[in-house]
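Residue numbers are given in numbering that gives the first Met the number 0: position 288 of the sequence shown equals residue 287, and the series is strictly consecutive. Beta carbons: idealized from backbone N, C-alpha and C, even for Gly. Quick caveat: nothing in here was measured; it's all calculated off a predicted structure. Since the structure comes first, as structure tokens, the remarks are kept for the end.
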Amino acid sequence: MSYPIESITQCIGARRIGSREAAIDWLLTDSRSLSFPEETLFFALTTKRNTGARYIPELCARGVANFVLSEDDYKKLKEKSSPELNFLVVRDPLKALQKLAELHREKFRIPVIGITGSNGKTIVKEWLHQLLSPDRFIVRSPRSYNSQVGVPLSVWQLGEEAELGIFEAGISEMGEMSALQRMIKPTIGILTNIGGAHQENFFSLQEKCMEKLSLFKNCDVIIYDGDNELISNCVLKSMLGAREIAWSRTDIERPLYISKVTKAEDHTTVAYRYLDMDNSFQIPFVDDASIENALNCLAACLYLMTPAEQITERMARLEPVAMRLEVKEGKNACVLINDSYNSDLVSLDIALDFLVRRSEKKGLKRTLILSDILETGQSTATLYRRVAQLVQSRGIDKLIGVGAEISSCEARFEGLSERYFFPSTEALLASDLLKRLHSEAILLKGSRVFNFDLLSEALELKVHETILEVNLGAMIANLNHYRSMLRRPETKVVCMVKAAAYGAGSYEIAKTLQEHHADYLAVAVADEGSELRKAGITASIIIMNPETTSFKTLFDYKLEPEVYNFHLLDALIKAAEKEGITNFPIHVKLDTGMHRLGFTVDEIPQLVRRLKNQNAVIPRSVFSHFVGSDDSRFDAFTRRQIELFEQGAQELQSAFAHKILRHICNTAGIERFPGAQFDMVRLGIGLYGVNPIDNSIIHNVSTLKTTILQIRDVSGEDTVGYSRMGHLERPSRIAAIPIGYADGLNRRLGRGNAYCLVNGSKAPYVGNICMDVCMIDVTDIDCREGDKAIIFGDDLPITVLSDKLETIPYEVLTSVSARVKRVYYQD
Numbered sequence: 000m001s002y003p004i005e006s007i008t009q010c011i012g013a014r015r016i017g018s019r020e021a022a023i024d025w026l027l028t029d030s031r032s033l034s035f036p037e038e039t040l041f042f043a044l045t046t047k048r049n050t051g052a053r054y055i056p057e058l059c060a061r062g063v064a065n066f067v068l069s070e071d072d073y074k075k076l077k078e079k080s081s082p083e084l085n086f087l088v089v090r091d092p093l094k095a096l097q098k099l100a101e102l103h104r105e106k107f108r109i110p111v112i113g114i115t116g117s118n119g120k121t122i123v124k125e126w127l128h129q130l131l132s133p134d135r136f137i138v139r140s141p142r143s144y145n146s147q148v149g150v151p152l153s154v155w156q157l158g159e160e161a162e163l164g165i166f167e168a169g170i171s172e173m174g175e176m177s178a179l180q181r182m183i184k185p186t187i188g189i190l191t192n193i194g195g196a197h198q199e200n201f202f203s204l205q206e207k208c209m210e211k212l213s214l215f216k217n218c219d220v221i222i223y224d225g226d227n228e229l230i231s232n233c234v235l236k237s238m239l240g241a242r243e244i245a246w247s248r249t250d251i252e253r254p255l256y257i258s259k260v261t262k263a264e265d266h267t268t269v270a271y272r273y274l275d276m277d278n279s280f281q282i283p284f285v286d287d288a289s290i291e292n293a294l295n296c297l298a299a300c301l302y303l304m305t306p307a308e309q310i311t312e313r314m315a316r317l318e319p320v321a322m323r324l325e326v327k328e329g330k331n332a333c334v335l336i337n338d339s340y341n342s343d344l345v346s347l348d349i350a351l352d353f354l355v356r357r358s359e360k361k362g363l364k365r366t367l368i369l370s371d372i373l374e375t376g377q378s379t380a381t382l383y384r385r386v387a388q389l390v391q392s393r394g395i396d397k398l399i400g401v402g403a404e405i406s407s408c409e410a411r412f413e414g415l416s417e418r419y420f421f422p423s424t425e426a427l428l429a430s431d432l433l434k435r436l437h438s439e440a441i442l443l444k445g446s447r448v449f450n451f452d453l454l455s456e457a458l459e460l461k462v463h464e465t466i467l468e469v470n471l472g473a474m475i476a477n478l479n480h481y482r483s484m485l486r487r488p489e490t491k492v493v494c495m496v497k498a499a500a501y502g503a504g505s506y507e508i509a510k511t512l513q514e515h516h517a518d519y520l521a522v523a524v525a526d527e528g529s530e531l532r533k534a535g536i537t538a539s540i541i542i543m544n545p546e547t548t549s550f551k552t553l554f555d556y557k558l559e560p561e562v563y564n565f566h567l568l569d570a571l572i573k574a575a576e577k578e579g580i581t582n583f584p585i586h587v588k589l590d591t592g593m594h595r596l597g598f599t600v601d602e603i604p605q606l607v608r609r610l611k612n613q614n615a616v617i618p619r620s621v622f623s624h625f626v627g628s629d630d631s632r633f634d635a636f637t638r639r640q641i642e643l644f645e646q647g648a649q650e651l652q653s654a655f656a657h658k659i660l661r662h663i664c665n666t667a668g669i670e671r672f673p674g675a676q677f678d679m680v681r682l683g684i685g686l687y688g689v690n691p692i693d694n695s696i697i698h699n700v701s702t703l704k705t706t707i708l709q710i711r712d713v714s715g716e717d718t719v720g721y722s723r724m725g726h727l728e729r730p731s732r733i734a735a736i737p738i739g740y741a742d743g744l745n746r747r748l749g750r751g752n753a754y755c756l757v758n759g760s761k762a763p764y765v766g767n768i769c770m771d772v773c774m775i776d777v778t779d780i781d782c783r784e785g786d787k788a789i790i791f792g793d794d795l796p797i798t799v800l801s802d803k804l805e806t807i808p809y810e811v812l813t814s815v816s817a818r819v820k821r822v823y824y825q826d
């Protein structure tokens, strides 16, 4: 929804300086997130360490013309007299932002779910989206936007198409919830739990609970754990007057009675009664926190009258919500999982579950390095008794405790065969224990003040100073971005992980996609597929370019080949018959205009006869390949391809009783030709963050970075690098970084043709790029040896490099050498 600048001025009670006409679609508080400058209103917020007003000149240069700021900040501006800019001067920009969100929320008469609690808010929000989005258009808080700044930015996303809103609300002290309540105005309230997070600013857990419950003022219904005595008493005391769905495992009189919870190895079954009807569902999780979160989601779905059979079906397909968990290769054949960003019981349970999953396939011992867990509000004895129970239930082989509190509770961990305790991180580093870790999956779980990054640094295998960081959370966001474009929820998705997952690294990508229920993975050759199978990938895998020498591998590892001509088909049938194999799935490719591989439509009658006269193979899908779905110039040709494909697919299907899946859409086709999504789509470059239609970045997945090895001063008369190609025009500071064309940095980017980023500033490549090293100009950059240099990433899109090279992002991504270490994390 768009607002005239005049309307916003009146709404927030601002004094306007400037007369530029503007329609505002976007609100901005972080200059790094700018996307649409002309329609953006920037709020210059002030924090203890910074003020947004300092970024106004930079934003002006980038095309932003509308600003909200305080009187003091306005007085300091040099640009305040420009007629091309609008300055809305207010007493408090944050309160103005919140007021604008309040008035925007007033325009909507839709159900809005408000979620608060100490833990689980984001998971409940995301799971509700997974459970409810097939039936309605939902607007929800992005990531964990639950603060005084995050909530108004979330509420602003409400548009005319919205049918349901789901917003988180997080507080850290008394008095904060009232502002969030006025903006969210929930009609449905969910209280996840009350724990020790941020307890230092509350007198008691009861005080915190009452403050959180104030979010539900004027709600129609409140959902909470009726077995939690603290919450139940606070709800009674609050006298909110709303209907209550207090689910219970013990009280059969509660509106939602949980009659049985049964844990298996990899899933949990929940039986429940609601409105005198008995039903059940499964979730693919076994930890207590996930069960509690699922029950809160169940109550909300039931209140919104979601049919029980839909709840059962969708609960079984719940996907884990991304955490920031870095997976790195460690020294001495170890795998390092770094979660040293927060520490509480819930996140510990989730991280331990992640550790188990990553260790079991590789046969590694499980080691936990755990710091004191701070600010929980629980007694030390109670807290570490629960920690010990968690650790032992997850089969941890070795515990290394860091901190005075956990060390004082050593006796709680007597059930572990190996346990070590240190008063500080420095004491652990000074010992020889880390050097003795071998063939172990190591989880680092620590509160920030313990600086566990030092431990990560000590344990990480350092083969090369250049790394490719892969954001698995961003990749899943891209997957869900394209899933949201599917017209039918039952449409399947093939995720392309060929060429080592476009350079990102096959196994971790495939593992994450498998956990998020990708229907198929696709690789180029059988060896790629067999390596994934050996690593524990069980998802269906399509082989796009099978060779006749690979048939045994296909059969042994259950890899489903593409078949594109009679020579390949006959050879495959003969090999399958020799092995005694029947009904081996194949994927039939039709040539509708690419003229690269595939059967022609005219060959389909012959193909049907050949397939009907044998039972060694069976068509699982029929597909074709768009030539130019990303370019409107070829739309007529694309539509002709769709017509030919439909004709051929129908002819093939009519010959068989079983369902043959149809797919022709690639990444661009999913968006531009939704009518051709059929039964399945193939997601390639879009999965890795690049929109092939306009080369824009969706969610950046891969960041190639390196480290400055050396900086030296070079006179303006000297040259730099091989063949004296680095000509200087002034005395310069030249930095050497350990990346070259053997790592995938194309030589054509040298001689000033491109740049990397050092501390956010452009550092041009100087001279020829060498095999292992290149030089950059850092004359005007405040930097030192050891600082990072970004080759491409969030702030330097890969498309900048591909445009310079006059190629496509695929080539740049897949050119990153195998010797460049991959580091994976979820954010």
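Between 160, 133, 116, which has its C-alpha nearest residue 146's C-alpha? Just measuring C-alpha positions, the residue of 160, 133, 116 sitting nearest residue 146 is 116.
On a CA-only basis, which of 330, 310, 297, 288 is nearest residue 347? Give me that one, please. Closest by C-alpha distance to residue 347, out of 330, 310, 297, 288, is 288.
Answer yes or no: do residue 467 and residue 814 have a C-beta to C-beta separation smaller than 8 Å? No, Cβ-Cβ distance for residue 467 and residue 814 is not below 8 Å.
Determine, using beta carbons only, whether residue 454 and residue 368 come nearer to each other than 8 Å. Going by C-beta atoms, residue 454 is nearer than 8 Å to residue 368.
Please list, in chain order, all residues of the same chain as residue 39 whose beta carbon is under 6 Å from its beta carbon, the five residues on each side excluded. Correct list, in chain order: 25, 27, 63.
Give a yes or no on contact between the stretch 692 to 701 and the stretch 792 to 811, applying the rule of three or more CB pairs nearer than 8 Å. Touching, per the Cβ criterion.
Write down every uninterrupted run of the beta strand (DSSP E) in the stretch 582 to 615 whose length is 3 residues or greater and which is fully enclosed by it, in chain order. Listed in chain order, they are 583 to 588.
Checking the sheet assignment: what are the DSSP bridge partners for residue 817? Per DSSP, none; premise fails for residue 817.
Does DSSP put residue 275 in a helix, a strand or coil? In the structure shown, residue 275 falls within a coil segment according to DSSP collapsed to helix, strand and coil.
Here's the rule I'm using: 16 or more other beta-carbon atoms within 10 Å means buried, otherwise exposed. How should residue 139 be labelled? Buried.
Using the DSSP secondary-structure output, state which residues sit across from residue 415 in a beta bridge. Residue 415 is not bridged to any residue.
What's the C-alpha gap between residue 781 and residue 508? Just so you know, the alpha carbons of residue 781 and residue 508 end up roughly 36 Å apart.
Closest to residue 820 by CA distance: which of 251, 786, 499, 259 is it? When each option's Cα is compared against that of residue 820, the closest is 499.
Nearest by alpha-carbon distance to residue 812: which of 823, 745, 779, 825 is it? When each option's Cα is compared against that of residue 812, the closest is 745.
I'd like the list of long-range same chain contacts for residue 191, defined as Cβ closer than 8 Å, with 5 residues on each side in sequence excluded. Correct list, in chain order: 114, 115, 116, 117, 118, 119, 120, 123, 291, 292, 295.
Pairwise C-alpha distance: residue 545 and residue 564: Annotation: residue 564 to residue 545 spans about 12 Å, alpha carbon to alpha carbon.
Residue 701, enclosing beta strand (DSSP E) - first and last residue: Element bounds for residue 701: 701 to 706.
May I ask you to list the residues that DSSP assigns as paired with residue 164? The partner list for residue 164 (beta bridge, DSSP) reads 111, 138.
Closest by CA to residue 226, which one among 213, 434, 252? Checked all of 213, 434, 252; the closest Cα to residue 226 is 252.
Determine the contact status of residue 710 and residue 729, defining contact as a CB-CB distance below 8 Å. Using a Cβ distance threshold of 8 Å, residue 710 and residue 729 do not count as a contacting pair.
Terminal residues of the continuous alpha helix (DSSP H) containing residue 494? Counting along the chain, residue 494 falls outside any alpha helix (DSSP H), though it belongs to the beta strand (DSSP E) covering 491 to 495.
For residue 709, which beta-bridge partners are listed by DSSP? Answer by DSSP bridge pairing, in chain order: 735.
Measure from the alpha carbon of residue 429 to the alpha carbon of each residue in 457, 415, 413, then state which is nearest. Nearest C-alpha to residue 429: 457.
Any 3 or more C-beta pairs closer than 8 Å across the stretch 437 to 453 and the stretch 465 to 480: For the pair of segments examined, the stretch 437 to 453 was found not to touch the stretch 465 to 480: the number of CB pairs separated by less than 8 Å stays below three.
Status (buried if at least 16 other CB within 10 Å, exposed otherwise) for residue 131: Buried, by the Cβ-count rule.
Extract the residue ranges of the beta strand (DSSP E) inside the stretch 621 to 706, only unbroken runs of 3 or more that lie entirely within it. If we require 3 residues or more, the beta strand (DSSP E) runs fully inside the stretch 621 to 706 come out as 660 to 662, 679 to 682, 701 to 706.
Cβ neighbours of residue 705 in the same chain (closer than 7 Å, five flanking residues each side left out): Once the five neighbours on either side are set aside, the close Cβ partners of residue 705 are 464, 465, 736, 737, 738, 788, 790.
Can you give the Cα-Cα distance for residue 318 and residue 126, rounded to whole angstroms? Between residue 318 and residue 126, the C-alpha separation is close to 8 Å.
Which full runs of the alpha helix (DSSP H) of 4+ residues lie inside the stretch 278 to 365, going along the chain? Taking 4 residues as the shortest admissible run, the stretch 278 to 365 contains the following complete alpha helix (DSSP H) segments, listed from N- to C-terminal end: 287 to 302, 307 to 314, 344 to 359.
Buried or exposed, going by whether 16 or more other CB atoms sit within 10 Å of the CB of residue 322? With a pLDDT of only 47 at residue 322, under the threshold of 50, the placement of this residue in the model should not be trusted; the figure read from the coordinates follows. Result: buried.
Quick check: what's the CA-CA separation for residue 13 versus residue 69? Taking C-alpha positions only, residue 13 is separated from residue 69 by approximately 10 Å.
Could you check how far apart the C-beta atoms of residue 399 and residue 424 are, in whole angstroms? I think they sit under 8 Å. Contact between residue 399 and residue 424 fails: their C-beta atoms lie close to 11 Å from each other, not under 8 Å.
Measure the alpha-carbon distance for residue 383 versus residue 404 and round it to whole angstroms. Roughly 9 Å between the two C-alpha positions.
Output the distance between the C-alpha atoms of residue 29 and residue 41, rounded to the nearest integer angstrom. Whole-angstrom Cα-Cα distance: 8 Å.
Please report how far the alpha carbon of residue 559 lies from the alpha carbon of residue 540, in whole angstroms. Roughly 6 Å separates the two Cα atoms.
Which residue comes first and which comes last in the alpha helix (DSSP H) that contains residue 102? Note, residue 102: alpha helix (DSSP H), 92 to 104.
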